[in-house]
Amino acid sequence: MTPENTPSPAIDASGLVALRNNLALSSEAMASTLGLSDEQLVAIEAGQQPISDSVAAIASYLLIPQLLQQQGFPQFTMGDDARVENKHAIDYVYHNWYPRFIGMMTQSEAIAEDSTHIAINDDEALVIVTWIDSPMAVEYQQLESILLEAAKQLQAYYQDIDLNLNGV
546 MTPENTPSPA IDASGLVALR NNLALSSEAM ASTLGLSDEQ LVAIEAGQQP
596 ISDSVAAIAS YLLIPQLLQQ QGFPQFTMGD DARVENKHAI DYVYHNWYPR
646 FIGMMTQSEA IAEDSTHIAI NDDEALVIVT WIDSPMAVEY QQLESILLEA
696 AKQLQAYYQD IDLNLNGV
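Going by this note's numbering, the residue at position 141 of the sequence shown is 686; the numbering climbs one at a time, nothing skipped.
Structure, rendered in structure tokens:
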């Protein structure tokens, strides 16, 4: 199958409601994410207003993490820079579900004050390098929970590397 004829997920009013519910977004947050007013989103979800091509495109983009999750793709993917000899120099965590981001383990003293980060221990923290999906629509507690789990997974990844490097 070539990219031109690869089916893309179609979205209709009920699909938009299901997407919003699966992303655990309020009507206001979903409307903001789609660039709509809350009233426009309510009308679209009720079938009173058609979905524009641009809204359908954004919604299809937001479906990607949901489809990955449904297909069993892991929530987190870990990696390191193959060009670096010291494997502890740079380690990354990719959050593959909504909201997607790329984070990096770094020394706590090297963190910019305005960065999104969460402490892993006294010396290290997970810093969000880039957001693929805007986190603005996500409730603070949900976002904090995702970041804590990412930090926990990255710390476990480090411990696994240590065990493998030490032959344990």
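We put the beta carbon where it would ideally sit given N, CA and C, even for glycine.
Residues bridged to residue i [DSSP beta-bridge criterion]
i           : result
residue 588 : Answer is none; residue 588 lacks a bridge partner.
residue 560 : Partner(s): none; residue 560 has no beta bridge.
residue 638 : 623, 648
residue 669 : 652
residue 675 : 647
residue 663 : 671
Closest Cα partner of residue i within the set the options
i           : options            : result
residue 704 : 597, 609, 568, 636 : 636
residue 581 : 567, 598, 566, 569 : 598
residue 603 : 569, 678, 685      : 678
residue 577 : 683, 699, 696, 638 : 683
residue 657 : 674, 584, 611      : 674
residue 696 : 671, 686, 687      : 671
residue 565 : 593, 606, 595      : 606
residue 650 : 659, 666, 643      : 666
residue 575 : 694, 648, 643, 621 : 643
Classification of residue i by the beta-carbon crowding that lies within 10 angstroms, buried from 16 upward
i           : result
residue 571 : exposed
residue 586 : buried
residue 579 : buried
residue 681 : exposed
residue 601 : buried
residue 595 : exposed
Length of the line joining the Cα atoms of residue i and residue j
i           : j           : result
residue 618 : residue 645 : 13 Å
residue 676 : residue 562 : 24 Å
residue 692 : residue 662 : 8 Å
residue 698 : residue 638 : 8 Å
residue 573 : residue 584 : 9 Å
residue 664 : residue 701 : 14 Å
residue 560 : residue 660 : 35 Å
residue 556 : residue 590 : 11 Å
residue 625 : residue 592 : 47 Å
Rounded Cβ spacing between residue i and residue j (contact assumed at less than 8 Å)
i           : j           : result
residue 653 : residue 668 : 6 Å
residue 613 : residue 641 : 5 Å
residue 687 : residue 569 : 7 Å
residue 611 : residue 567 : 5 Å
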